[in-house]
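Okay, structure first, notes after.
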Amino acid sequence: MADAPKPLTGAFLDALRGELGDLVDASATTRAVYSTDASNYRIVPGAVLMPRSKGDVITAVGIAREHGVPVTVRGGGTSCAGNAVGPGLVIDFSRSMNRVLSVDPGTSTAVVEPGAVLSTLQQEALPHGLRFGPDPSTATRCTIGGMIGNNACGPHGLSYGRTADNVVSMTWLTGGGEVITAGSGPKAPAAVPGLDAFVAENLAVLRTEFGRFGRQISGYSLEHLLPENGRNLAAALTGTEGSCGVLLEATVRLVPQAPAPALAVLGYADMPTAADDVPNLLPFRPLALEGLDAQLVDVVRRAHGETAVPTLPEGGGWLIAEVGGATSAEAVEAARELVAASHAADSVVLPAGPEATRLWQIRADGAGLAGRTADGKQAWPGWEDSAVPPERLGDYLRGLQALMSEKGLSGLAYGHFGDGCVHARIDFPLDGGGAPMRDFLERAAALAAEHGGSLSGEHGDGRARSELLPAMYSPEALRAMEAFKALLDPEDVMNPGVVVRPAPLDADLRRPGARRLRATDGFAFAHDGGDITDAVHRCVGVGKCRADLRGQGGFMCPSYTATRDEKDSTRGRARALQEMLNGGFVTDGWSSPEVHEALDLCLSCKACATDCPTGIDMATFKSEALHQTYKGRRRPLSHYTLGRLPQWLRLIAPLAPLVNLAGRVPVLRRTMMTLMGADSRRSLPPLPPRPFRWSGARKAASGADGPKVLLWVDSFSDALAPDIPRDAVEVLTAAGCDVEIAAPGACCGLTLISTGQLTAARAKLRSTVNLLLPHVRAGRTVIGIEPSCTATLRSDLVELLPDDPRAAELAGAVKTVAEFLTSIDWTPPRAAERLLVQPHCHHYAVMGYEADLSLLRSMGCDVDISAGCCGLAGNFGMEKGHYEVSEKIAREGILARAAAEPDRRVLADGFSCRTQVQDLAGLDGRHLVQVIAEALRR
256 MADAPKPLTG
266 AFLDALRGEL
276 GDLVDASATT
286 RAVYSTDASN
296 YRIVPGAVLM
306 PRSKGDVITA
316 VGIAREHGVP
326 VTVRGGGTSC
336 AGNAVGPGLV
346 IDFSRSMNRV
356 LSVDPGTSTA
366 VVEPGAVLST
376 LQQEALPHGL
386 RFGPDPSTAT
396 RCTIGGMIGN
406 NACGPHGLSY
416 GRTADNVVSM
426 TWLTGGGEVI
436 TAGSGPKAPA
446 AVPGLDAFVA
456 ENLAVLRTEF
466 GRFGRQISGY
476 SLEHLLPENG
486 RNLAAALTGT
496 EGSCGVLLEA
506 TVRLVPQAPA
516 PALAVLGYAD
526 MPTAADDVPN
536 LLPFRPLALE
546 GLDAQLVDVV
556 RRAHGETAVP
566 TLPEGGGWLI
576 AEVGGATSAE
586 AVEAARELVA
596 ASHAADSVVL
606 PAGPEATRLW
616 QIRADGAGLA
626 GRTADGKQAW
636 PGWEDSAVPP
646 ERLGDYLRGL
656 QALMSEKGLS
666 GLAYGHFGDG
676 CVHARIDFPL
686 DGGGAPMRDF
696 LERAAALAAE
706 HGGSLSGEHG
716 DGRARSELLP
726 AMYSPEALRA
736 MEAFKALLDP
746 EDVMNPGVVV
756 RPAPLDADLR
766 RPGARRLRAT
776 DGFAFAHDGG
786 DITDAVHRCV
796 GVGKCRADLR
806 GQGGFMCPSY
816 TATRDEKDST
826 RGRARALQEM
836 LNGGFVTDGW
846 SSPEVHEALD
856 LCLSCKACAT
866 DCPTGIDMAT
876 FKSEALHQTY
886 KGRRRPLSHY
896 TLGRLPQWLR
906 LIAPLAPLVN
916 LAGRVPVLRR
926 TMMTLMGADS
936 RRSLPPLPPR
946 PFRWSGARKA
956 ASGADGPKVL
966 LWVDSFSDAL
976 APDIPRDAVE
986 VLTAAGCDVE
996 IAAPGACCGL
1006 TLISTGQLTA
1016 ARAKLRSTVN
1026 LLLPHVRAGR
1036 TVIGIEPSCT
1046 ATLRSDLVEL
1056 LPDDPRAAEL
1066 AGAVKTVAEF
1076 LTSIDWTPPR
1086 AAERLLVQPH
1096 CHHYAVMGYE
1106 ADLSLLRSMG
1116 CDVDISAGCC
1126 GLAGNFGMEK
1136 GHYEVSEKIA
1146 REGILARAAA
1156 EPDRRVLADG
1166 FSCRTQVQDL
1176 AGLDGRHLVQ
1186 VIAEALRR
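When the letters of the sequence shown are read in order and numbered with the working numbering, they come out as residues 256 to 1193.
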């Protein structure tokens, strides 16, 4: 168990709050979620500042200096080396100081605040045919300030250079409190008193030890200060990792967009062999030249199926060369010329398009995908960013593999091979302490140095590698770096322990301090062998949950998209849970207020289980937390009402006219909603005159020789939308199926699961297995109507009944309507409709929406998909305290799309999705079977 962090002095916090008010947050929850970045390190800050202006930053750093409090700056929190964690004041620029202030196409420059996200800058530059050159894989959430802090590069660093090569000037706050303009040219060093003399005194060491090859990022890049390099102070400050001051504003250089790049994908026997071919390909001047281990792609196949991976050549490792051209045809031809000159055993050329985009996405997700080794062990950063001159890369990789084999370690390699940069996460046994990692890193640092390399190629040294700098620098060079920092931060306020006077690399490790927590009477956490600690640590901090992925078809993370608060991201919630396991100051286990505050706005949408490359499922953790907290105790009111909604629906069905009447009288409706623990602004969904089950239907007329199906009518479809199961019967019968209807009582327990009533849910699921499985064994496929219920039987069923083999048998026999209809020989009716589709989150996350999209397009429908959650998410949007977030998600998502395309009719299979658009905008939504049934009747 970790030690409790030391709080900041009251005098410092009083002074800070006196000047900056509620921009300062020293709450336990916020300190927990900022206790780590994307690294192995855990350092709980004393407070977090969310500045709105340069003045706020200047004030805060001044107060911190007066009180001797260290300052750490933070952008997207995606630092892999512990660059963005610290014990004092953490300044998060991403919340408010995140604007692109201007784009000047005439000078091909942009002015940005430090918290501006790279993808935002790219969007602003795109209309001018421009882009920022360096592009890390975290482009959708990393900030320009973070890129400047680490001297980031990304795949296109090969063609456009490092961030240092693309910074024109910076407004910079030194640790001593001076605001300077850092630029280049003969007069640039004058901005820092004593810098000219420093350069003159260290000419020899600056010329011989710094800037030896392009990806020498470790240490400070002091070569830029040399007269022959333009006396570029801005470039020298790039990559100082927040240890020499604070970026307040930057002017960056933009480059022209490549018109139509193609990909040459080259297959080799293994990664070292692929690396051997790199020098042979560089003369073709590819825009990017990436390495990718075949085992990394296998991770994607196992998680998402073969269709998630584009066609790739044979081999154990690949080089992906992006080649430009004035037209797509020119780029493809140039890619073929590169292939012809290569020594690849096999190859594929992909023009710009969906296949190339999918391959780039796999590469972009590398950090998360590599979080597990090929055999499923947890893998960690630490040696995730080494670099050597490209001509030495093959031999370096062989040495690295031999070292891992000697130490009994493994890891999946990928990276920017054209620049000699290797990313690899390694399965250090950190649960037992940091000694094995230290032993490996010391040996690996020596290996990199033997090959003329760098400990870091773009991530910086941080807390992971700063202690190892003597492996590649002389004492004179180390003293030069210390002297440079002293000129800019004489009191060592800025990010102490990084680069200069480094902290031990095995100090403050997060994983060794986490207590072991095993699954008990809740979820099985089978993917992690029943180890909840391992499951929580799936989150390695890559921060994809902080990106708005809706434009790319993603759904994660709706609450963070709405609030922009770190605690409301998947990563923030994982950090709170990890702090629960560390126990330093989140001390009440599952019942800790910090855990529940972080989980409160989780919509349980399950999108993170699909969109996050680590596969973490926060809906499961929220349910488990509620279960462990409230079992045997009094629960919140909504758990007894919304959480047991199927039972209530059965009880009130005979009273439907009275309930509907009450729902139309505002005072009665508000009273009823309040008594339910729901938000009084919500409407009561109208009850139909007769639930579907009252029809007594059990068998539909059909051809006896047709496919045998069991239509499972869930509680929502039965009691709230009986027309949908009736239409489902019509559609399945028209498809020639032998349709049987499941007897009433088969319930998935979804509302029990979402409210953490797992004991009751387990009993409900056992009963459902008993009811449905005999039909499966009789040869019937179970067809689900409500996507959230269907997803529950496909996923949560086996997690809650892990010891019952019948659960997996049933789960494997459950399909959506579209999955089934596209699997049989049936031609659907034509329906030339313009549809706006809101897929249910669970549908997207568990089953995928591809079958539905294929079916609709085969019918002739013009389909536009609204990616992202509708915001209601079952009981979430109904509960008190959630209305504003629920509404905002809807208005920025499906409702905005509906307003922009009013001629499209809404298709939403999920009852909650249809309820949301009706409640907030008066829009009618239809289920897929209704669209098909209407087409059949025409």
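Every residue gets a Cβ at the ideal spot worked out from N, C-alpha and C, and that includes glycine.
As the structure is a prediction and not an experimental result, all values here were calculated from the model.
- Taken in chain order, the complete beta strand (DSSP E) segments of 3 or more residues contained in the segment 274-332 are 302-304, 326-329.
- A Cβ-Cβ contact shorter than 9 Å links PRO606 with ALA517.
- Closest in C-alpha terms to ARG698, from the list GLY440, GLY838, LEU723, comes LEU723.
- Looking at the DSSP output, ASP993 sits in a beta bridge with LYS963.
- Close CB contacts of ALA266 within its chain, under the 8 Å cut and outside five residues either way in sequence, are with HIS322 (chain order).
- As computed with DSSP, GLY687 is found in no beta bridge at all.
- A straight line joining the alpha-carbon of ALA293 with that of GLY332 spans about 7 Å.
- Here MET727 has ALA704 as same chain residues with Cβ atoms under 6 Å from its own Cβ, once five neighbours each way along the sequence are excluded.
- Cβ-Cβ separation between ALA1151 and LEU1178: approximately 12 Å, too far for a contact (criterion under 8 Å).
- TYR1138 and GLN1171 have their C-alpha atoms roughly 11 Å apart.
- Within 10 angstroms of the beta-carbon of ASN1025 lie fewer than 16 other beta-carbons, which makes it exposed.
- According to the DSSP assignment, LEU913 belongs to no beta strand (DSSP E) but to the alpha helix (DSSP H) extending over 911-919.
- Exposed is the label assigned to PRO921, since fewer than 16 other Cβ atoms lie within 10 Å of its Cβ.
- One alpha carbon belongs to ALA505, the other to ARG830, and they sit about 31 Å apart.
- By the Cβ test, the segment 846-860 is not in contact with the segment 1160-1167, since fewer than three Cβ pairs between them sit closer than 8 Å.
- Between the alpha carbons of LEU892 and ILE1008 lies a distance of about 16 Å.
- Comparing alpha-carbon positions, the option among ILE1144, ILE1038, SER1078 lying closest to ALA1001 turns out to be ILE1038.
- Around the Cβ of LEU910, a 10 Å sphere holds fewer than 16 other Cβ atoms; the residue is exposed.
- In this structure, DSSP gives LEU271 a helical state, which the three-state scheme calls helix.
- Shown here for GLY752: same chain residues with a beta carbon closer than 7 Å to its own, the five before and five after excluded, namely ARG718, ALA758 in chain order.
- Only residues of its own chain outside the window of five on either side were considered, and among them VAL1024, LEU1028 have a CB closer than 6 Å to the CB of ARG1061, listed in chain order.
- In the DSSP assignment, the residues bridged to GLN633 are ARG627.
- Pairwise C-beta distances place the segment 513-532 out of contact with the segment 360-378, as fewer than three of them are shorter than 8 Å.
- DSSP places TRP427 in the uninterrupted beta strand (DSSP E) bounded by 422-428.
- Looking only at GLU577, ASP553, ALA586, SER583, the smallest Cα-Cα distance to GLY570 is reached by ASP553.
- No residue range can be given for CYS408, since it is assigned to no beta strand (DSSP E) and is classified by DSSP as neither H nor E.
- Here the alpha carbons of LEU278 and SER351 stand approximately 10 Å from one another.
- When LYS954, HIS782, ARG1085 are compared, the shortest CA-CA separation from HIS1030 is found for LYS954.
- Measuring C-alpha to C-alpha distances from LEU696 to each of MET659, ALA1145, LYS877 identifies MET659 as the nearest.
- Residue burial is scored here from C-beta neighbours: THR1045 has at least 16 other C-beta atoms within 10 angstroms and is therefore classed as buried.
- Taking the Cα positions, PHE672 is about 17 Å away from ALA596.
- By the C-beta density criterion, GLN1093 is buried, having at least 16 other C-beta atoms within 10 angstroms.
- In the DSSP assignment, TYR523 falls within the unbroken beta strand (DSSP E) covering 517-523.
- In the structure shown, THR1036 adopts extended strand secondary structure according to DSSP, grouped into three states.
- Look at the segment 1085-1145 and you find these whole runs of beta strand (DSSP E), each 3 residues long or longer: 1089-1092, 1117-1120.
- For THR1071, the beta-bridge partners assigned by DSSP are GLY1039.
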